[in-house]
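Colleague: Right, I'll just put the structure down here and ask away after.
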Amino acid sequence: MVIISKETRVIVQGMTGHQGTFHSGEMIKFGTKVVAGVSPGKAGTKVNGVDVYNNVVDTLPLKPDASMISVPAPFVKDAALEAMENGIKLIYILTEHVPVHDTMELYHEARRKGVFMIGPNSPGITVPGQAKIGIMPNNIFRVGDVAIASRSGTLTYEIVKAVTDAGFGESTVIGLGGDPIIGTTFSDIIRIFNDDPQTKQIVLVGEIGGNEEEKAAKYIKDYVKKPVTGYITGISAPPGKKMGHAGAIIEKGTGTAESKIKAFKDAGIKVASYPDDIPDLLRK
Amino acid sequence: MNLYEYMGKEIFRKYGIPVPDGYVIENVGELKAFEYPVAIKSQILSGKRGKAGGIKFAKNEADLKTYSDQLLNSTINNLTVKKLLIERMLNIKKELYLSITLDRAAKKPVIILSADGGMEIESVPEENIHKIYIDPMVGYSDYIAREALSYLPVDNKKQFSSLLQSLYNAFVGEDALLTEINPLVIDGENNIIAGDSKVVIDDNALYRHKDYMITDPDKTDLENEAASKSFTFIEMDGDIGVIANGAGLTMATMDALTLHKLKPRNFLDLGGTDNIEIVEDAFSYVMRARPKLIFVNIFGGVTKADTVANGIVSSKKKFDIKQQIVVRLSGVHEEEGQKILLDSGIKAFNNMTDAVKELSKIQGVE
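Protein chains in written order, with the working numbering: chain A, 1 to 284; chain B, 285 to 650.
This is how it looks when you write it as structure tokens:
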């Protein structure tokens with residue numbers, strides 16, 4: 001189990017919105033301790049039985065550890081800064097289409113303050129049997145020892161379900177986010193998975209764009225003894241086109257699927273050609 | 285969003301970066317008296333414009349008219365020239381390279397400098413390229429210009445320092461992913477002037493910069509139209525129309541087709557929806573791309589499998605779809621969805637591999 005547990009006290013910034021309401025309800029059903037919601041101007045109301053406050057500072061008596069940010073893209077930077085300034089050490093940003101300059105500033109501010117930031121444009125993190133912060137479907141998990149990190153949403157659920165259906169379970173599943181700059185990258189998460197005693201196997205689901213898969217592969221080659229399975233999407237992607245995720249783009253010949261698959265293979269990672277192949281590779 | 289040279293230069297002017305005097309025309313009737321010689325520059329989003337004949341020089345009014353006539357509506361590097369930038373010609377003494385870009389690996393803005401300007405930066409030897417990273421939460425400081433000047437043969441140090449700071453302000457203020465000046469010209473009087481501009485604005489920040497909300501020239505008409513409905517739709521040169529949900533799953537779908545020697549006609553991410561009309565909208569774009577065959581690949585979550593099934597059935601009627609539709613439905617409400625499809629004669633698969641095999645069989649490329 002890594003990053004979050006049953007004891008993690010979560011606030012939801014933007015809880016009164018459509019997404020915030022639905023997903024905070026699902027998180028509570030999963031067993032997550034949602035202690036408060038924050039929506040400016042909505043203090044005194046309740047969502048899913050949880051009190052809503054105007055400001056993050058008002059929730060501090062409830063000792064929050066983590067904030068889920070589900071506000072429209074133009075307000076994400078402000079909401080995240082508010083959480084960080086109030087001492088919250090885990091920030092998860094669900095929102096898609098956040099301007100990259102905003103994310104870049106949040107990234108450096110989070111590092112400076114020792115804040116663990118997930119996303120933006122991420123489905124969140126789930127530790128089966130413990131807690132979920134985010135929007136992954138509740139019913140696809142089983143407690144187990146496979147840790148999964150991915151840059152996608154739906155594709156991750158599909159892979160988690162296939163892994164669970166094949167008789168495995170998951171220690172932690174994290175969606176890192178589909179943007180060009182994200183708070184937690186493959187090279188960060190691989191260290192955490194490697195050090196986690198509950199995790200026996202690791203699955204990395206990467207895609208075109210950037211060089212984080214290559215950096216993680218280098219770390220795996222040097223330090224990781226646990227078996228790692230990888231899958232990379234985007235072999236058919238034309239260069240220069242954003243394939244649905246702002247970060248999934250081949251730029252000036254860098255960030256290609258070929259480069260990532262080669263880095264994975266060079267590091268001894270078992271590489272799946274199709275998502276359906278992943279459970280078989282876990283058995284090998 | 286890639287901006288045209290003239291738009292980039294408008295931004296430069298706004299931030300106090302010197303650019304040559306000039307104006308933009310869309311037809312020769314708009315030509316005006318100007319100091320000769322002038323440069324006539326085709327406004328297309330393509331490198332190597334000059335080599336492809338997209339830039340001409342005129343010494344007098346007659347030449348200006350002839351060349352403008354030649355260039356307007358001509359095709360250069362496969363792009364139609366719709367606008368020309370007419371500019372006072374610079375008296376070039378030296379050409380440098382200067383840009384600020386977002387370094388994705390470092391997650392920081394980086395200033396890139398070279399004394400070798402006027403050519404593609406990719407063809408400049410690495411040892412002649414210098415980089416200075418900036419912490420975005422700290423921002424610009426004067427030492428950056430002093431360091432930059434140590435790499436460049438510039439006499440007018442004061443003007444360069446102010447120009448570099450302005451370029452950084454433009455980069456941040458306009459939510460740019462790239463602000464490039466190549467060449468950065470030093471003229472006969474030691475003035476420093478932006479000879480060209482290449483500016484890329486973050487699409488996700490366009491709501492803060494409504495002036496640049498132009499029709500994206502890098503996209504096809506159909507792609508632009510789909511984008512206005514919030515679909516990521518990308519046209520490709522194959523024949524299998526694709527609808528899937530989630531960017532990752534859509535890419536995985538196209539990859540699976542490609543690995544089976546099948547060719548996708550498009551990328552279309554349905555996104556998270558529980559609305560039949562959105563499924564119909566998705567079909568409308570795919571149908572306009574005239575695929576030979578259609579593959580719908582859904583893993584239900586927020587997007588419910590039965591909603592998509594209903595959307596497939598209604599689209600088939602609405603758009604009179606004659607092409608075969610191969611469907612894979614899994615996840616939330618998959619049984620209900622599969623039954624809906626079966627009732628209208630479509631057998632849905634519940635895993636992707638089987639569905640792709642079926643497509644191979646239909647296409648005869650097993």
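We put the beta carbon where it would ideally sit given N, CA and C, even for glycine.
Treat the numbers as computed from the prediction; the structure is a model and nothing was measured.
According to a CB-to-CB cut-off of less than 8 Å, which residues of the region 414-427 of chain B neighbour chain A?
Modeller: Correct list: Asp419, Pro420, Met421.
Colleague: Quick check: the Cα distance between A/Gly153 and B/Val649, rounded to an integer number of angstroms?
Modeller: The count along the first sequence starts at 1 and reaches residue 153 of chain A at position 153. The count along the second sequence starts at 1 and reaches residue 649 of chain B at position 365. Roughly 31 Å between the two C-alpha positions.
Colleague: With 8 Å set as the bound, which would you pick, yes or no: does the beta-carbon of A/Glu207 sit closer than that to a beta-carbon of chain B?
Modeller: Locating residue 207 of chain A in the first sequence gives position 207, counting from the first residue. Answer yes: the Cβ-Cβ gap between A/Glu207 and chain B drops below 8 Å somewhere.
Colleague: Between the region 450-468 of chain B and chain A, which residues of the former have a C-beta closer than 8 Å to a C-beta of the latter?
Modeller: For the region 450-468 of chain B, which is checked against every Cβ of chain A, the residues closer than 8 Å are Val456, Asp459, Leu461.
Colleague: By the 8 Å beta-carbon criterion, what residues does the region 297-316 of chain B contribute toward chain A?
Modeller: Cβ contacts with chain A: none found.
Colleague: Let me confirm a value: B/Arg612 is counted as buried when at least 16 other C-beta atoms fall within 10 Å, else exposed. Which label applies?
Modeller: To locate residue 612 of chain B, count along the second sequence from 1; it is residue 328. Buried: at least 16 other Cβ atoms inside 10 Å.
Colleague: Comparing the C-beta of B/Gly292 with each C-beta of chain A, is any distance below 8 Å?
Modeller: Taking the first residue of the second sequence as position 1, residue 292 of chain B is located at position 8. No, its Cβ sits nowhere closer than 8 Å to a Cβ of chain A.
Colleague: What residues of chain B sit near A/Val98, judged by a beta carbon separation below 8 Å?
Modeller: Looking up residue 98 of chain A in the first sequence gives position 98. Going along chain B in sequence order, the residues near A/Val98 (Cβ under 8 Å) are Asn488.
Colleague: Taking 8 Å as the limit between beta carbons, can you name the residues of its chain near B/Leu655, skipping five residues before and five after?
Modeller: The requested residue 655 of chain B does not occur in the structure, where chain B is confined to residues 285 to 650.
Colleague: Along chain B, in chain order, which residues have C-beta atoms closer than 7 Å to that of A/His18?
Modeller: Along the first sequence, read from residue 1 onward, the residue named residue 18 of chain A stands at position 18. Within 7 Å Cβ-Cβ: nothing; A/His18 doesn't reach chain B, min ~11 Å.
Colleague: What's the C-alpha gap between A/Leu155 and A/Ala248?
Modeller: If you number the first sequence from 1, residue 155 of chain A lands on position 155. If you number the first sequence from 1, residue 248 of chain A lands on position 248. Taking the straight line joining both Cα atoms gives about 14 Å.
Colleague: Compute the beta-carbon to beta-carbon distance between B/Met571 and B/Phe603, rounded to the nearest angstrom, for a pair I have assumed lies under 8 Å.
Modeller: Numbered from its first residue, the second sequence carries residue 571 of chain B at position 287. Numbered from its first residue, the second sequence carries residue 603 of chain B at position 319. Contact holds; Cβ gap of about 5 Å.
Colleague: In terms of alpha-carbon separation, which member of A/Asn139, A/Ile220, A/Ser24 lies closest to A/Glu158?
Modeller: Within the first sequence, residue 158 of chain A is the residue found at index 158, counting from 1. The residue with the shortest Cα to Cα distance from A/Glu158 is A/Asn139.
Colleague: When the distance is taken between beta carbons, is B/Asn453 closer than 8 Å to A/Val344?
Modeller: This structure gives no information on residue 344 of chain A, because the portion of chain A shown stretches from 1 to 284.
Colleague: In angstroms with no decimal places, state the Cα-to-Cα distance between B/Lys606 and B/Ser599.
Modeller: Counting from one through the second sequence, the residue named residue 606 of chain B turns up at place 322. Counting from one through the second sequence, the residue named residue 599 of chain B turns up at place 315. Looking at the two C-alpha atoms, the distance is approximately 11 Å.
Colleague: Identify the contact partners of A/Ala246 in chain B, using a Cβ-Cβ distance below 9 Å as the criterion.
Modeller: Along the first sequence, read from residue 1 onward, the residue named residue 246 of chain A stands at position 246. Here the neighbours are Asp486, Asp487, Asn488.
Colleague: Under a CB-based cut-off of 8 Å, is A/Ala79 close to chain B?
Modeller: For this step, residue 79 of chain A is matched to residue 79 along the first sequence. No, A/Ala79 lies away from the interface with chain B (no Cβ there is under 8 Å from its Cβ).
Colleague: Here's the rule: buried if 16 or more other CB atoms are within 10 angstroms of the residue's CB, otherwise exposed. What is A/His97?
Modeller: Locating residue 97 of chain A in the first sequence gives position 97, where the first residue counts as 1. So A/His97 counts as buried.
Colleague: Could you give the first and the last residue of the continuous alpha helix (DSSP H) run that contains B/Thr591?
Modeller: Stepping through the second sequence from its first residue, residue 591 of chain B is reached at position 307. Where B/Thr591 is concerned, the enclosing alpha helix (DSSP H) stretches over 589-602.
Colleague: List, in chain order, every chain B residue whose beta-carbon is nearer than 7 Å to that of A/Ile220.
Modeller: Within the first sequence, numbered from 1, the residue matching residue 220 of chain A stands at position 220. In chain order: nothing, as chain B lies at least about 18 Å away.
Colleague: Apart from the five residues on each side of it in sequence, which residues of its chain come closer than 8 Å, Cβ to Cβ, to B/Leu433?
Modeller: Within the second sequence, residue 433 of chain B is the residue found at index 149, counting from 1. The residues are Lys441, Phe444, Ser445.
Colleague: Below 8 Å CB to CB, which residues in the same chain sit around B/Phe438 once its five sequence neighbours on both sides are set aside?
Modeller: Translated into the one-based positions of the second sequence, residue 438 of chain B becomes position 154. For the sequence presented, residue 438 of chain B should be read as Val rather than Phe. The answer, listed in chain order, is Leu380, Phe444, Ile470, Ile476.
Colleague: Would A/Gly234 and A/Glu207 be called neighbours here (beta carbons separated by less than 8 Å)?
Modeller: Numbered from its first residue, the first sequence carries residue 234 of chain A at position 234. Numbered from its first residue, the first sequence carries residue 207 of chain A at position 207. Contact flag set, yes.
Colleague: For A/Lys284, tell me which candidate among A/Ala43, A/Ile181, A/Lys226 has the shortest Cα-Cα distance.
Modeller: Within the first sequence, numbered from 1, the residue matching residue 284 of chain A stands at position 284. Cα-wise, what sits closest to A/Lys284 is A/Lys226.
Colleague: For a cutoff of 8 Å on Cβ pairs, would you count A/Tyr92 as touching chain B?
Modeller: The residue given as residue 92 of chain A occupies position 92 in the first sequence. So, not an interface residue.
Colleague: Can you confirm whether the region 448-464 of chain B touches the region 478-493 of chain B when touching is taken to mean that 3 or more C-beta pairs between the two stretches lie within less than 8 Å?
Modeller: Contact holds: three or more Cβ-Cβ distances are below 8 Å.
Colleague: Determine the direct distance from the alpha carbon of A/Val56 to that of A/Ala83, and round the result to whole angstroms.
Modeller: To locate residue 83 of chain A, count along the first sequence from 1; it is residue 83. To locate residue 56 of chain A, count along the first sequence from 1; it is residue 56. Near 6 Å, if we compare the C-alpha coordinates of A/Val56 and A/Ala83.
Colleague: Using a C-beta to C-beta distance shorter than 7 Å, which residues of chain A count as neighbours of B/Asn529?
Modeller: By one-based count along the second sequence, residue 529 of chain B stands at place 245. Neighbours of B/Asn529 on chain A, chain order: Thr154.
Colleague: Rounded to whole angstroms, what's the CA-CA distance from B/Ile360 to B/Gly334? Just pull it up for me.
Modeller: Sequence index remark: in the second sequence, residue 360 of chain B carries index 76 (1-based). Sequence index remark: in the second sequence, residue 334 of chain B carries index 50 (1-based). Computed Cα separation, rounded: 10 Å.
Colleague: Who are the Cβ neighbours of A/Gly209 in its own chain at under 6 Å, not counting the five residues just before and after it?
Modeller: Stepping through the first sequence from its first residue, residue 209 of chain A is reached at position 209. Contacts found: Gly247, Ala248, Ile249, Gly255.
Colleague: Ignoring anything shorter than 3 residues, give me the beta strand (DSSP E) runs that lie fully in the region 227-266 of chain A, in order along the chain.
Modeller: Segments of the beta strand (DSSP E) lying fully in the region 227-266 of chain A: 228-233.
Colleague: Taking Cβ-Cβ distances below 7 Å as the criterion, which residues of the region 255-274 of chain A are in contact with chain B?
Modeller: Per Cβ criterion, the list reads Ser273, Tyr274.
Colleague: Of all the options A/Ile28, A/Thr185, A/Val224, A/Ile220, which has the alpha carbon lying nearest to the alpha carbon of A/Ile11?
Modeller: Residue mapping note: residue 11 of chain A aligns to position 11 of the first sequence, counting from 1. Residue A/Ile28 is the option with its Cα nearest to A/Ile11.
Colleague: For the region 176-187 of chain A, enumerate the residues whose C-beta is nearer than 7 Å to any C-beta of chain B, in chain order.
Modeller: Listed in sequence order: Gly178, Pro180, Ile181.
Colleague: Just to confirm before moving on: does the CB-CB distance between B/Ala342 and B/Ile324 stay below 8 Å?
Modeller: In the second sequence, residue 342 of chain B corresponds to position 58, counting from 1. In the second sequence, residue 324 of chain B corresponds to position 40, counting from 1. Result yes, Cβ atoms of B/Ala342 and B/Ile324 sit closer than 8 Å.
Colleague: Taking buried to mean at least 16 other C-beta atoms within 10 Å of its own C-beta, is B/Pro409 buried or exposed?
Modeller: Here the question's residue 409 of chain B lines up with position 125 in the second sequence. With fewer than 16 other Cβ atoms within 10 Å, it is exposed.
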